[in-house]
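One rule links them: number in the numbering used here = place in the sequence shown (from 1) + 72. The beta carbon of each residue, even a glycine, is placed where N, CA and C say it ideally should be. Given the structure is predicted, the values throughout are model-derived calculations rather than measurements.
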Amino acid sequence: MIPAFAVVGHPNKGKSSVVSTLARDDRVAVSMQSGTTQVSESFDIHLGEAHYKLIDTPGFQRPRKVLAWLQQQPVSADQRSERVKAFLQDEACRQQFPDESELLAPIMAGAAILYVVDSSRPYSPEYEAEMEILRWTGQPSMALINPITSRDYIDNWQQALQQFFRTVRIFDAVQADLNQHIELLQAFAHLHQPWSESLSSLVSAVQAEIHRQQLQSCKLAAHLLEDLVRYQQRQKVPDEKQAKSLQPVLQAAYYSWMRKREQKAHDELQTLYRHHQLQRDNTELTLSDDLFDTEKWYAWGLNRKQLAAVGGIAGAAAGGMLDLTVAGSSLLLGTLGGGAIGSSAAWLGANKLAKQKLKGLPLGGFEARIGPMKNRNFPYVILARFLFIYKRLNQRNHARRDTLSVDDAQVGKLLEQLSGQQQKPIYKALDRLSRQKDVTNLAEVLEPLFTDGQIPD
Ligand SMILES: Nc1nc2c(ncn2[C@@H]2O[C@H](COP(=O)(O)OP(=O)(O)OP(=O)(O)O)[C@@H](O)[C@H]2O)c(=O)[nH]1
Ligand SMILES: [Mg+2]
Numbered sequence: 073m074i075p076a077f078a079v080v081g082h083p084n085k086g087k088s089s090v091v092s093t094l095a096r097d098d099r100v101a102v103s104m105q106s107g108t109t110q111v112s113e114s115f116d117i118h119l120g121e122a123h124y125k126l127i128d129t130p131g132f133q134r135p136r137k138v139l140a141w142l143q144q145q146p147v148s149a150d151q152r153s154e155r156v157k158a159f160l161q162d163e164a165c166r167q168q169f170p171d172e173s174e175l176l177a178p179i180m181a182g183a184a185i186l187y188v189v190d191s192s193r194p195y196s197p198e199y200e201a202e203m204e205i206l207r208w209t210g211q212p213s214m215a216l217i218n219p220i221t222s223r224d225y226i227d228n229w230q231q232a233l234q235q236f237f238r239t240v241r242i243f244d245a246v247q248a249d250l251n252q253h254i255e256l257l258q259a260f261a262h263l264h265q266p267w268s269e270s271l272s273s274l275v276s277a278v279q280a281e282i283h284r285q286q287l288q289s290c291k292l293a294a295h296l297l298e299d300l301v302r303y304q305q306r307q308k309v310p311d312e313k314q315a316k317s318l319q320p321v322l323q324a325a326y327y328s329w330m331r332k333r334e335q336k337a338h339d340e341l342q343t344l345y346r347h348h349q350l351q352r353d354n355t356e357l358t359l360s361d362d363l364f365d366t367e368k369w370y371a372w373g374l375n376r377k378q379l380a381a382v383g384g385i386a387g388a389a390a391g392g393m394l395d396l397t398v399a400g401s402s403l404l405l406g407t408l409g410g411g412a413i414g415s416s417a418a419w420l421g422a423n424k425l426a427k428q429k430l431k432g433l434p435l436g437g438f439e440a441r442i443g444p445m446k447n448r449n450f451p452y453v454i455l456a457r458f459l460f461i462y463k464r465l466n467q468r469n470h471a472r473r474d475t476l477s478v479d480d481a482q483v484g485k486l487l488e489q490l491s492g493q494q495q496k497p498i499y500k501a502l503d504r505l506s507r508q509k510d511v512t513n514l515a516e517v518l519e520p521l522f523t524d525g526q527i528p529d
């Protein structure tokens, strides 16, 4: 049997949040409303070769009555799980106790139990009936203490839970980071011996998945940069006058294509990280500035000083005057001599938007054209906006339903955190891109920006 875990407990204790966090997918319904989950829902988690199931269940509603039903007749310990099966087979019980029937069904079909409680609420004996029912199932089990708003009652909970569950762990469903997630998976592997081998491989599968998502993000960014920087909008018309009057239309079409292409890349990123529920237009994932609000370009991309420094270096390197290995982390801080910056003043002058052109065609008629974008800052702006979304998505726990916080997205700062060796190829590649030259392995060059400079093993 594929390892399966049924997440059970009182209503509104974070069961669905645990499922969402472990599934790394936000399509699990989580809400403040008690009784949000009404039927059990099974999520198949496939990670490389590893496969397991997480089952979200409704909360216990009438555990004392259910326990009373189970205890109606004397049952020895070895017969208790049969008694729970009898409960599930009894039509009247299913009618009377739909929530308990829903949550017990996957357990009796072989799932292990993850029992979730909240340490911000005091322990009370009212929980004993449901814990006793779970014990009757005879299935492997673990208790998770979820500190929804505080850890005030952790000790009392531990005292009580240890009497019913072999393993008791603290797991914050909404704040848990990746290490805590991985530690929990490691604990799963010890829960039920026949599953231990397949569950042990889960940990490396999760790490591999994270690396895969990072690499895929670099590829999305590289495609986006290539597409936006190289794009041209053209149209043929019979005469020059028509070509001229077409220019504003062409420009609007050009901008609209670019904006859509950027949106598409951001959508792909969101899908890649399985944050399907986040609506970008009403969360802080919204890029409040329009892509062509060029006033903001220095804030997103490189500022004037950085641009001058990078321009000087990229220009000098193109002319073979400067060995790029000097481009260390201090580069963007403007510690370069005035000479280098001065020499790039002309280069800064090239800081214009895409040009419009009219061209007479050999067989008669005219072609109006806009693009490609030669502005040197443009690739940095695109990259900064993409990284802004990326940084929020890749660190975000999938159980979170609050809005996102905004911090500094300036790409220059992110670049400065990398070593000189890592920065250098990025400047070079983006410079070649805005000069419309071929760039090899752009995705690979960008990788340190997506992995925070850490090269995964
Ligand atoms: N701050 C914080 N909030 C949490 C945590 N766990 C759950 N919540 C919140 O508590 C509420 C209930 O969470 P759910 O995961 O829907 O709980 P549930 O047990 O599945 O609830 P039902 O399906 O209604 O039984 C939601 O508003 C969650 O965002 C936590 O660890 N920290
Ligand atoms: Mg729920």
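Environment of residue i [buried if 16+ CB atoms lie within 10 Å]
i: I74; result: exposed
i: V321; result: exposed
i: T93; result: buried
i: L374; result: buried
i: A324; result: exposed
i: A184; result: buried
i: N469; result: buried
i: S89; result: buried
i: L455; result: buried
i: V111; result: exposed
i: M104; result: exposed
i: K509; result: exposed
i: S289; result: buried
i: N449; result: buried
i: G443; result: buried
i: T129; result: buried
i: A245; result: buried
i: H347; result: buried
i: L250; result: exposed
i: D365; result: exposed
i: P451; result: buried
i: R96; result: buried
i: A149; result: exposed
i: A418; result: Only weak support exists for where A418 lies, its pLDDT of 32 falling under 50; the coordinates are left without a value.
i: R99; result: exposed
i: T397; result: The predicted model places T397 with a pLDDT of 35, which falls under 50 and marks its position as unreliable; any figure quoted below should be read in that light. Looking at its Cβ environment, which holds fewer than 16 other Cβ atoms inside 10 Å, T397 is exposed.
i: L433; result: exposed
i: A277; result: buried
i: D66; result: Residue 66 lies beyond the residue range present for the chain, which begins at 73 and ends at 529; the question has no answer from this structure.
Top-ranked residue by Cα proximity to residue i, from the options
i: P219; options: Q247, W208, Q234; result: Q247
i: L175; options: P310, N449, V80; result: V80
i: L209; options: I254, I217, L216, L139; result: Here the sequence assigns Thr to residue 209, which means Leu is not the residue at that position. With distances taken between Cα atoms, T209 lies closest to L139.
i: R376; options: V309, L318, N447, N513; result: N447
i: D171; options: Y187, T109, V483; result: T109
i: L318; options: A294, A440, A501; result: A440
i: L518; options: A380, D227, A293, T343; result: A293
i: L257; options: R457, H123, V511; result: H123
i: L206; options: G131, W369, A277, E255; result: G131
i: W229; options: D190, Y462, A177, A515; result: D190
i: S213; options: I226, T523, Q279, A78; result: A78
i: I217; options: Q234, A201, E204, Q211; result: Q234
i: S114; options: G492, R136, Y462, K87; result: K87
i: T221; options: A277, L359, N84; result: N84
i: M180; options: F169, R155, C165, Q168; result: R155
i: E121; options: V188, F458, S173, A280; result: A280
i: L521; options: P497, R507, G436; result: P497
i: L119; options: H283, S106, E255, E340; result: H283
Worksheet item: Contact between the region 184–195 and the region 154–165: three or more CB pairs below 8 Å?
Response: By the Cβ rule, the region 184–195 does not count as touching the region 154–165, because fewer than three pairs are nearer than 8 Å.
Discussion item. For the pair the region 333–347 and the region 482–492, tell me if three or more CB-CB distances fall below 8 Å.
Written reply: Remark: fewer than three beta-carbon pairs, one from each stretch, lie closer than 8 Å, so the region 333–347 and the region 482–492 are not flagged as touching.
Worksheet entry | alpha helix (DSSP H) segments (min. 4 residues) lying fully within the region 94–169 | Fully enclosed alpha helix (DSSP H) runs of 4 or longer: 135–142, 152–161, 163–168.
Practice prompt. Evaluate contact between the region 307–319 and the region 267–281, counting only Cβ atoms and requiring at least three cross-stretch pairs below 8 Å.
Written response: With contact defined as three or more Cβ pairs closer than 8 Å, the region 307–319 and the region 267–281 are not in contact.
Discussion item. When you compare the region 254–261 with the region 271–280, are there three or more beta-carbon pairs, one atom per stretch, that lie closer than 8 Å?
Written reply: Touching, yes.
Fill in: beta strand (DSSP E) runs contained entirely in the region 210–274, provided each spans 3 or more residues
The qualifying runs are 213–218, 239–242.
Fill in: In chain order, each alpha helix (DSSP H) run of at least 4 residues that lies wholly inside the region 306–381
The region 306–381 contains these whole alpha helix (DSSP H) runs: 312–344, 369–372.
Worksheet item: Where are the alpha helix (DSSP H) runs, 4 residues long or more, that stay fully inside the region 466–526, in chain order?
Response: Those alpha helix (DSSP H) runs which fall completely within the region 466–526 and span 4+ residues are 483–488, 492–506, 514–522.
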